[in-house]
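Heads up: the structure comes next, in structure tokens.
Number of protein chains: 2
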Amino acid sequence: MDSSHPDTVELDATGDLIDLWRAVCDAPSVSGDETALADAVERVLRGCAHLEVLRDGDAIVARTHLGRPHRVVVAGHLDTVPLTDPPNLPTRMEGEGEDAVLWGRGTVDMKGGLTVQLALAVELTDPVVDVTWVFYDHEEVEAELNGLGRLVRHHPELLHGDFAILGEATNAGIEGGCKGTLRVEVTTTGVAAHSGRPWMGTNAIHAAAEVLARLDAYEAREVDVEGLVYREGMSAVRISGGIAGNVVPDRCTVTVNYRFAPDKALDEAISHTRELFDGFDVVVTDAAPGARPGLDAPLAQDFAAAVERLTGVEPAAKQGWTDVARFSTLGVPAVNFGPGDPLLAHKDDEHCPVSDVRTCHAALRAWLTGAPADA
Amino acid sequence: MDSSHPDTVELDATGDLIDLWRAVCDAPSVSGDETALADAVERVLRGCAHLEVLRDGDAIVARTHLGRPHRVVVAGHLDTVPLTDPPNLPTRMEGEGEDAVLWGRGTVDMKGGLTVQLALAVELTDPVVDVTWVFYDHEEVEAELNGLGRLVRHHPELLHGDFAILGEATNAGIEGGCKGTLRVEVTTTGVAAHSGRPWMGTNAIHAAAEVLARLDAYEAREVDVEGLVYREGMSAVRISGGIAGNVVPDRCTVTVNYRFAPDKALDEAISHTRELFDGFDVVVTDAAPGARPGLDAPLAQDFAAAVERLTGVEPAAKQGWTDVARFSTLGVPAVNFGPGDPLLAHKDDEHCPVSDVRTCHAALRAWLTGAPADA
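Sequence lines, in order, name chains E and V. One point on numbering: in the UniProt record's numbering, the residue at position 371 of the first sequence is 371, and numbering is uninterrupted. One point on numbering: in the UniProt record's numbering, the residue at position 137 of the second sequence is 137, and numbering is uninterrupted.
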């Protein structure tokens with residue numbers, strides 16, 4: 001059996017939280033291969049009489065219908081980036097007790113947050129707000145494949161709510177909003193020729209020197225939005241060009257990823273990028289707007305206060321792009337709140353303290369049940 | 001049947017020269033797929049009582065043993081670069097009579113020269129010199145696969161001679177020597193990070209800006225060697241870097257092809273290239289020395305005079321790398337002499353005048369039979 005395509009995953013969502021976390025991590029679910037994990041999550045949720053469950057592809061939505069005045073959406077993605085080589089799964093636990101740390105793919109991004117929401121979805125039969133629990137696929141790949149985006153297109157009513165919490169890694173603090181992301185292809189063209197007579201052609205790779213020079217010289221902004229500081233970035237993420245070992249190439253393409261502060265609309269980000277690469281062919285291949293922090297919403301302030309009571313940590317800016325932007329677009333204020341250091345997301349040495357998972361579980365549980373957060 | 005892999009090729013080497021040329025061109029033989037054409041050439045040569053024939057892989061050597069005081073090697077490669085899309089075969093004839101031009105892959109590089117040597121190998125049962133006719137594979141790919149190089153390793157004695165003529169395209173004039181070719185990979189390294197937090201990493205593609213800037217600013221030399229002017233070239237032929245659309249890449253590789261004048265030894269060319277990319281990781285992946293013109297050899301001078309009598313054209317420098325360098329390394333003076341404009345080699349619009357093929361055939365036939373070249 002190919003370990004990256006488990007046939008069947010079994011999850012016990014009523015037992016020990018950390019055992020559940022390990023089981024969720026140890027079921028590899030690289031983008032496009034989430035089905036086995038999604039099946040397991042669906043089985044667990046369909047076993048809960050207090051939840052209405054709907055599945056769309058490998059996304060699952062489970063809702064309470066308690067007639068509460070407010071509805072909160074809690075969402076997380078099932079997929080991870082590819083494993084390392086050799087594979088960084090199954091997970092490995094280092095240390096003990098409060099110092100224990102779990103190592104492996106997904107421990108940070110974002111099977112900790114996912115585990116917290118799965119455990120609470122099963123446990124909380126009577127929360128003080130109605131809750132919509134969303135588990136979705138294809139977050140780590142092109143925006144057009146994103147399972148949350150697909151849910152918005154197929155079942156927008158399922159994502160309605162007064163506030164949303166996304167379980168992306170935040171070191172168990174609240175991170176508000178997110179930067180936008182724009183991907184463009186900057187292409188240089190030339191004239192192919194035999195490399196024995198390069199003067200008969202024009203080398204498109206040489207012409208890309210200017211594209212890379214502008215990237216290398218680019219000074220990224222730091223932007224204060226509603227008191228949170230977002231740091232931008234303009235990065236080449238791919239370059240390709242070349243026909244054969246003896247041919248002057250007539251085409252070279254640099255893929256650039258611009259991460260922009262949420263004070264900037266998507267079209268402004270596109271204009272800014274086109275200006276930077278003025279004189280070159282620029283094609284937008286992928287784009288998603290940022291999200292302003294959204295901490296002025298009453299439920300957001302209430303949740304932030306609850307978390308701060310438990311952890312002493314104030315909200316900060318989210319530097320990565322996350323799907324809170326999709327909720328922002330739907331008019332639902334949303335924050336990130338999940339275990340793990342976001343700087344370790346996608347890294348070979350991805351690892352997360354057990355205590356982060358317990359903290360997030362306790363804070364979210366307390367707030368959703370109306371108990372004082374420090375109880 | 002896949003037209004790029006003909007099962008059987010039939011050649012009539014005793015009929016019309018231009019019909020033979022078309023048949024040779026219309027048998028696709030992209031590097032690695034030369035077998036069908038090699039089989040056909042072998043069958044033709046084995047039908048000649050005056051030739052001793054040996055085959056090694058898809059290379060064929062056919063020799064006369066007439067006890068002449070001198071031996072001349074006439075060589076050409078069977079393979080071509082890939083066809084265009086849609087394919088530029090079968091060939092298409094445009095114009096008529098002396099103005100006719102044949103279009104399609106291989107018409108220039110180098111099935112014209114190959115046809116001339118095949119026709120003469122069959123016809124010339126009694127040349128004034130002993131002749132070694134060499135047909136070989138894998139010229140258009142990495143040097144280590146080159147069929148002539150393999151013959152040198154397996155059967156060096158078969159390539160001995162006092163003079164060699166390679167039928168590469170020269171517009172039916174003599175082109176002396178050839179430039180050397182060196183291929184290196186220049187690699188930049190960095191530190192991978194999520195592109196949402198690029199300041200946590202170091203972008204290897206941005207670091208390649210300096211590599212491309214040096215290439216773009218490079219001023220190639222023109223070098224006079226024994227009266228022939230060689231023009232050098234330093235070209236990026238490939239660039240690649242990138243891990244995923246949201247990852248700052250930790251590695252970027254530029255493949256550079258240096259074509260250097262034959263006044264420079266291979267190790268000097270390597271030193272020059274390392275100096276140009278000082279500060280970067282440089283790995284040599286492919287290298288072949290150049291060849292000085294070699295026109296001081298008596299047989300070379302005699303052949304040059306014969307060609308000049310027929311065409312009025314003096315010898316010039318060969319700008320491309322050709323396998324004359326392999327003969328040069330063996331101590332056999334060698335020149336290029338073949339139909340077609342070398343500037344059209346590997347081009348989508350490859351085409352060659354019928355008159356070039358007839359001229360090369362007439363000049364080589366006249367010289368090998370001792371008849372006055374303008375007879």
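Each residue gets a CB set at the ideal place from its N, CA and C atoms; glycine is no exception.
Between the segment 306-320 of chain V and the segment 150-162 of chain V, the count of Cβ pairs shorter than 8 Å is below three; the stretches do not touch. With 16 or more neighbouring CB atoms inside 10 Å of its own CB, E139 (chain V) falls in the buried class. Looking only at E:G290, E:I205, E:H65 and E:V256, the smallest Cα-Cα distance to D267 (chain E) is reached by E:G290. The beta carbon of E175 (chain V) is closer than 6 Å to those of A316, K318 and N336 in its chain, skipping five residues each way along the sequence.
According to DSSP, residue pairing for A316 (chain V) in a beta bridge involves V:E175.
Among the CB atoms of chain E, none fall inside 8 Å of the CB of G290 (chain V).
For the pair of segments examined, the segment 187-196 of chain E was found not to touch the segment 350-364 of chain E: the number of CB pairs separated by less than 8 Å stays below three. Around the beta carbon of D302 (chain V), fewer than 16 other beta carbons sit within 10 angstroms, so the residue counts as exposed. Under the three-state reduction of DSSP output, S271 (chain V) falls in the helix class.
In terms of beta-carbon proximity, K179 (chain V) lines the interface with chain E, with at least one pair separated by less than 8 Å. DSSP, reduced to helix, strand and coil, places S31 (chain E) outside both helices and strands of the structure shown, so it counts as coil.
Looking from the CA of M234 (chain V), the closest CA among V:E142, V:A244 and V:T273 belongs to V:T273. A straight-line Cα-Cα distance of about 14 Å links A269 (chain V) and C178 (chain V).
Beyond the five residues adjoining it in sequence on each side, E168 (chain E) comes within less than 6 Å, by CB distance, of M110, T322, N336 and G338 in the same chain, given in chain order. The secondary-structure analysis by DSSP pairs G76 (chain E) across a beta bridge with E:F135. A residue is called buried when at least 16 other Cβ atoms come within 10 angstroms of its Cβ; R92 (chain E) does not meet this threshold and is exposed. For G173 (chain E), the closest alpha carbon among the candidates E:W367, E:L368, E:A363 and E:V141 is that of E:A363. Taking C-beta atoms as the reference points, V73 (chain V) and V122 (chain V) fail to come closer than 8 Å. For P86 (chain E), no chain V residue has a Cβ inside 8 Å of its Cβ, as the nearest lies near 17 Å away.
According to DSSP, F337 (chain E) shares a beta bridge with E:I174. By the Cβ neighbour-count rule, G32 (chain E) is exposed, with fewer than 16 other Cβ atoms within 10 Å of its own.
Residues of chain E with a Cβ closer than 9 Å to the Cβ of L215 (chain V) are, in chain order, N203, I205, H206 and A209. Closest in alpha carbon position to C360 (chain V), among V:V211, V:R153, V:H70 and V:I18, is V:I18.
Taking one beta carbon from each stretch, the segment 51-68 of chain E and the segment 97-115 of chain E have fewer than 3 pairs nearer than 8 Å; the two do not touch. Secondary structure at L17 (chain V): helix, using DSSP grouped into helix, strand and coil. Here V141 (chain V) carries a coil assignment [DSSP, helix/strand/coil].
A direct Cα-Cα distance of roughly 13 Å separates P28 (chain V) from D137 (chain V).
Annotation for A287 (chain E): A143, G180, T181, L182, R183, L266, A269 and I270 place their beta carbon closer than 8 Å to its own, counting only its chain and skipping 5 residues before and after. Remark: fewer than three beta-carbon pairs, one from each stretch, lie closer than 8 Å, so the segment 220-238 of chain V and the segment 197-210 of chain V are not flagged as touching. Residues of the same chain with a CB within less than 7 Å of the CB of T285 (chain E), apart from the 5 flanking positions on each side, are R183, V184 and E185 in chain order. DSSP places H160 (chain E) outside both helix and strand once states are collapsed to three, so it counts as coil.
I205 (chain V) and I239 (chain E) do touch by the CB rule: their CB atoms are close to 5 Å apart, below 8 Å. Less than 8 Å separates the beta-carbon of P249 (chain E) from that of G190 (chain E).
Not one beta carbon of chain E lies nearer than 8 Å to the beta carbon of W103 (chain V).
Taken in chain order, the complete beta strand (DSSP E) segments of 3 or more residues contained in the segment 170-232 of chain V are 174-176, 180-189, 222-225 and 228-231. Per DSSP, W367 (chain E) is one residue of the alpha helix (DSSP H) stretching across V354 to T369.
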